[in-house]
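Here the structure comes first, spelled out in structure tokens, and everything after it is commentary.
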Amino acid sequence: MAEQHVYSFGAGAADGDRTMKNTLGGKGANLAEMSKTGLPVPAGFTITTDVCVHYSKNKGEYPAGVKEQVDAAIRKVEKAMGAEFGSTTNPLLLSCRSGARESMPGMMDTVLNIGLNEKTVDALIKQSGDERFAWDSYRRFVQMYGDVVLGVDRDEQNEDPFETIIDEAREKAGVEYDHELSADQLKEIVAEFKKVVKEQKGRDFPDDPMEQLWGAIGAVFDSWDNDRAVVYRRQYGIPHEWGTATNVQAMVFGNLGNDCATGVGMTRDGADGTPGFNGDYLINAQGEDVVAGIRTPKRIEETFEKDMPAAFKELTEIGERLEAHYKDIQDIEFTVQKGKVWMLQTRNAKRTGFAAVRIAHDLVEEGVIDSKEALNPRRIPADDLNQLLQPIFNTADKKSAQDAGKLLTSGINAGPGAASGKVVLTAETAEAWYNKDNNVNLVLVRKETSPEDLRGMRVAKGILTAQGGASSHAALVSRQMGKACIVGAQELNINYAAKTVSVGGTTLKEGDDISIDGFTGEVFAGLIPTSPSEVMQVLDGELKAEESETYQRYSKIMGWADEHRTLNVRANAESDDAAEAVAFGAEGIGLCRTEHMFFGHLDEIREMILAETAETRQKAVDQLLPFQKEDFTKLFTTLAGKPVTIRLLDPPLHEFLSDRHLEEEPGLDEKLAKIAGVTKEDVHRRVSELHELNPMLGHRGCRLGVVYPEVTRMQATAIFEAAVATKQAGHDVYPEVMIPLVGFKTEFENQAAVVREAAAAVFEKAGVEIPYTVGTMIEIPRAALRADEIAEGAEFFSFGTNDLTQTTLGISRDDYGSFMPQYREMDIVPADPFQTIDQPGVGRLMKIGIEGGRKTRPDLKIGICGEHGGDPKSVMFCHDAGLNYVSCSPRRIPIARLAAAQAAIAAG
Ligand code: ADP
Ligand code: MG
Ligand code: MG
1 MAEQHVYSFG AGAADGDRTM KNTLGGKGAN LAEMSKTGLP VPAGFTITTD VCVHYSKNKG
61 EYPAGVKEQV DAAIRKVEKA MGAEFGSTTN PLLLSCRSGA RESMPGMMDT VLNIGLNEKT
121 VDALIKQSGD ERFAWDSYRR FVQMYGDVVL GVDRDEQNED PFETIIDEAR EKAGVEYDHE
181 LSADQLKEIV AEFKKVVKEQ KGRDFPDDPM EQLWGAIGAV FDSWDNDRAV VYRRQYGIPH
241 EWGTATNVQA MVFGNLGNDC ATGVGMTRDG ADGTPGFNGD YLINAQGEDV VAGIRTPKRI
301 EETFEKDMPA AFKELTEIGE RLEAHYKDIQ DIEFTVQKGK VWMLQTRNAK RTGFAAVRIA
361 HDLVEEGVID SKEALNPRRI PADDLNQLLQ PIFNTADKKS AQDAGKLLTS GINAGPGAAS
421 GKVVLTAETA EAWYNKDNNV NLVLVRKETS PEDLRGMRVA KGILTAQGGA SSHAALVSRQ
481 MGKACIVGAQ ELNINYAAKT VSVGGTTLKE GDDISIDGFT GEVFAGLIPT SPSEVMQVLD
541 GELKAEESET YQRYSKIMGW ADEHRTLNVR ANAESDDAAE AVAFGAEGIG LCRTEHMFFG
601 HLDEIREMIL AETAETRQKA VDQLLPFQKE DFTKLFTTLA GKPVTIRLLD PPLHEFLSDR
661 HLEEEPGLDE KLAKIAGVTK EDVHRRVSEL HELNPMLGHR GCRLGVVYPE VTRMQATAIF
721 EAAVATKQAG HDVYPEVMIP LVGFKTEFEN QAAVVREAAA AVFEKAGVEI PYTVGTMIEI
781 PRAALRADEI AEGAEFFSFG TNDLTQTTLG ISRDDYGSFM PQYREMDIVP ADPFQTIDQP
841 GVGRLMKIGI EGGRKTRPDL KIGICGEHGG DPKSVMFCHD AGLNYVSCSP RRIPIARLAA
901 AQAAIAAG
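Going by the UniProt record's numbering, the sequence shown opens with residue 1, and the numbers climb by one from there.
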């Protein structure tokens, strides 16, 4: 028997089910599952993702057997629906829909109303007794098919010729909306559409239903490889090899009159997680109307019950059933045809970080899932937690903006967070401004957004649209990107040509300041300063935990994460941010960069740099000791009872003093000459000696300490004196001294000896002994390869994956921006290796380092302190590789805690 390429569903039965996403795509698998559960699903069938893969490898050819299986499946649909595809008396119409394993909203194509031609449209008129409906459907079909399958191009003005024809027809008829056009007017539009096809494509619009269907199936498979789908997959790490399934399904009609509707709803609010059926719907409309933003839809939770009480009740019940079945918030698409509810799609809904936390928390409270399941990365992607830390407007600032009459209008609050910045009207301009200045704050303001705007949306702080509802493209995408977003602010008058946005009497030009509150939907003229979120305020002690439900849920989730994780989470911090790190849950410091402390004492460190002899250097260094001691004491006190890893001086000295400094600060040479007791010429000579062609590979890290042991001695002395002082003040202290950039065992031994000597001297003088360890960064391939040897002396390892990536890949972390975007675009690398660990390369070296180190010292404590320590994928890798802890910047600690729990749960 031939392989099964086609799976039927509908009428209470299905070949597939929800477990078959890989084969049937998410949409197909869930249509099958809903059919099986007895929900009202129009009959149809799914052509598998394997067929897509075969089709795209073989230039549009189908595997053997597909055509026959499709024919057979159509017969089944005909039987279930009691109509016949292509019949001129009782025609069945079909939709043809894309649907991949992971939903890629709006990225691929769908064609509705397939099977219409001059004859079937007549039959549809007779059957429905509704001429306008039939021509409306035909109009939609020719337009969609022309766009999607035939690829009708834009005209010289870059306008969609179909839209131009409709605009003209509306104007001629003196109506505002499509649904106000009469049957005759629609008929005329269809004729004009067909003319455009004939002119552009040199062929007639296809009349044969089977030809139409295969055209649509091919177009859906082709759409897997369209630009925006490829860009989307790259951004969300969806493999290009998966392919999409194609779902062919009997049409049901929401455009058959005022007892019909179409809508998209959610079983809870996707923006903030509030329970209850909500969403958008339109009476007497079809499919894409709701998401396309042509008419602003009505809200389900506001008017649907009044408009269609029976349908509302049925859909609410279906929603509850689906939630119980899938144990998660559902995003459903439905159509009501003459009062009868039809389900067209269900899937686990996309949600903001806020909603994710609330829903996971609530489902545990409701007894639907347990705490382990609540932490599933599908429910709370670890990265999304950062939304809870995102800025909001200060109530007082907002009020004064309000009082000053700055409130322009309001729309639907579609993505939480506050954003203020410059108005920018096109995605291209947004990208251009961002490329000029990465720190610029932009708010993208548009009538509506489409997948073409993705790149511009990414660089904007917030998104504001005049049209569309809570499930429009803008809302979905910004929710996923975690950006502040308001949609459907209908009073906004956007003029792309004049580059202005106006409301009432106020007009903003592109570049003027605007502020949007994605929590409430309010739009303000001017800049309202943003301030920390509720969770941040509680963490900073400005708000009581009891006063913030958001914080309480967040804190529950973090508690569950802590129960499940085995990796410790530390922070990369040295000064004020250390306290913040502790508030975020840091269990220690994984990296204190001592040079950051030096920047406050530039005169002294410069004197040290200028010193020509060991004696003068010692004198300069001695001046630095009290400052370092004070800084370390503060840090140890903040981290009382927790380990603190302090890295000795690391950067090349010219970061403190170079020609650039001398040029930029007139008189600096003179000042330094005086401080160091040398001549101005000496200063310039010394600075030019320090200059390096390749400083990242130059005199830095332990190479400094080896050549200038007095610096190492001073730092170690400061560390241990601080430790003693902290201990004497009654706090436990666990210093871990870390030698940077070690490649040779001898380098480590050289520096460790200086450190241990200093420790002994301090302890003897104080009459106090404090346990401490000396370890090393592993950030040079040689160190990983010789880890067994290095571990003979080193008592801990910390992978410095920023430098390890730089030195393993031979890619400068400061210069890779010139080619990395292109590398990503061309899929030469699967991710930015400085954000996500390059597992096959850098990760391999790490494994070698771990194995070597633990061969010598089975209980060797190993961590990571590169930026990767806060990247969820990299955290997973660290867990699996057997690290003891990850260390990351304070803001990413909640993310690392959750990712560590997710890794532990995944590993079982
Ligand atoms: P997307 O993946 O972009 O949501 P869909 O394949 O779900 O695309 O189709 C978009 C919309 O088209 C659906 O939400 C639904 O309103 C409409 N649609 C699709 N198939 C049918 C059908 N068989 N009958 C009526 N409407 C349909
Ligand atoms: Mg859909
Ligand atoms: Mg380094």
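For each residue, glycine too, the CB sits at the ideal point set by N, CA and C. Owing to the predicted nature of the structure, the values given are computational and were not obtained by experimental measurement.
To the nearest angstrom, how far is it from the Cα of residue i to the Cα of residue j?
i, j, result
"Thr465", "Phe519", "15 Å"
"Ala64", "Ala72", "14 Å"
"Ser658", "Glu681", "14 Å"
"Asp136", "Val142", "10 Å"
"Ile300", "Asn284", "15 Å"
"Pro416", "Leu389", "11 Å"
"Gly870", "Ser889", "7 Å"
"Thr717", "Pro830", "45 Å"
"Thr550", "Ile557", "11 Å"
"Tyr734", "Pro709", "24 Å"
"Asp577", "His601", "19 Å"
"Leu116", "Asp207", "7 Å"
"Gly237", "Val152", "31 Å"
"Ile514", "Asp403", "16 Å"
"Phe524", "Val503", "11 Å"
"Asp650", "Arg857", "26 Å"
"Met696", "Tyr496", "47 Å"
Looking at the secondary structure, which residues open and close the beta strand (DSSP E) in which residue i lies?
i, result
"Tyr885", "Tyr885 to Cys888"
"Gln525", "The question names Gln, but residue 525 in the sequence shown is Ala. Counting along the chain, the beta strand (DSSP E) containing Ala525 begins and ends at Glu522 to Ala525."
"Lys509", "Thr506 to Lys509"
"Ala418", "Ala418 to Val424"
"Asp513", "Asp513 to Asp517"
"Tyr7", "Val6 to Gly10"
"Phe277", "Pro275 to Ile283"
"Ile646", "Pro643 to Arg647"
Could you pull out every residue in the same chain whose Cβ sits closer than 6 Å to the Cβ of residue i, ignoring the five residues on either side in sequence?
i, result
"Thr46", "Tyr7, Leu24, Gly28, Ala245 and Asn247"
"Ile412", "Ala470, Val487, Gly488 and Gly521"
"Tyr772", "Pro735"
"Tyr232", "Met104 and Met107"
What distance in whole Å lies between the Cβ atoms of residue j and residue i, which are believed to be in contact at a cut-off of 8 Å?
i, j, result
"Lys350", "Arg479", "6 Å"
"Gln537", "Leu543", "4 Å"
"Val443", "Lys461", "6 Å"
"Arg647", "Arg593", "6 Å"
"Leu407", "Ala401", "7 Å"
"Ala581", "Ile893", "6 Å"
"Met738", "Gly775", "6 Å"
Just to confirm the assignment, what range does the alpha helix (DSSP H) spanning residue i have?
i, result
"Asn802", "Thr801 to Leu809"
"Ile905", "Ile893 to Ala907"
"Trp214", "Pro209 to Ser223"
"Trp433", "Ala427 to Lys436"
"Glu491", "That residue, Glu491, is in no alpha helix (DSSP H); it is neither H nor E in DSSP."
"Trp560", "Glu549 to His564"
By Cβ distance, which residues of its chain are closer than 8 Å to residue i, with the 5 residues on each side in sequence left out?
i, result
"Arg321", "Thr37 and Leu39"
"Phe193", "Arg139, Val142, Gln143, Gly146, Phe162, Ile165 and Phe205"
"Thr566", "His879, Ala900 and Ala904"
Looking at chain D, is there any beta carbon in it that lies within less than 8 Å of the beta carbon of residue i?
i, result
"Ala784", "Looking for chain D here will not work: only one protein chain is present."
Ignore the nearest five residues each way along the sequence and tell me which others in residue i's own chain have a CB closer than 7 Å to its CB.
i, result
"Asp692", "In the sequence as presented, Asp is not what sits at residue 692; that position holds Glu. Correct list, in chain order: Pro652, His654, Gly698 and His699."
"Leu256", "Ser128, Asp130, Phe133, Gln337 and Lys338"
"Asp397", "Ile528 and Pro529"
"Gly817", "none"
Is residue i close to ligand 5? I mean its beta-carbon at under 7 Å from any heavy atom of the ligand.
i, result
"Glu323", "Ligands present in the displayed structure are limited to ligand 1, ligand 2 and ligand 3, and ligand 5 is not among them."
Give a yes or no on contact between the stretch 638-655 and the stretch 579-595, applying the rule of three or more CB pairs nearer than 8 Å.
-> yes
Cβ contact (3+ pairs, closer than 8 Å) linking the stretch 373-388 and the stretch 440-448 | Cβ pair count under 8 Å is below three, so no.
Quick one: any contact between the stretch 434-442 and the stretch 533-542, if contact means 3 or more CB pairs under 8 Å?
-> no
Specify whether the stretch 95-106 and the stretch 267-285 touch according to this definition: at least 3 beta carbon pairs, one from each stretch, less than 8 Å apart.
-> no
Counting pairs of Cβ atoms below 8 Å between the stretch 799-807 and the stretch 862-873, do you hit three or more?
-> A contact exists between the stretch 799-807 and the stretch 862-873.
Meets three-Cβ-pair contact criterion under 8 Å: the stretch 839-848 and the stretch 774-794 | yes
Touching or not, the stretch 657-672 and the stretch 615-635, by the rule of three or more beta carbon pairs under 8 Å?
-> The stretch 657-672 is not in contact with the stretch 615-635.
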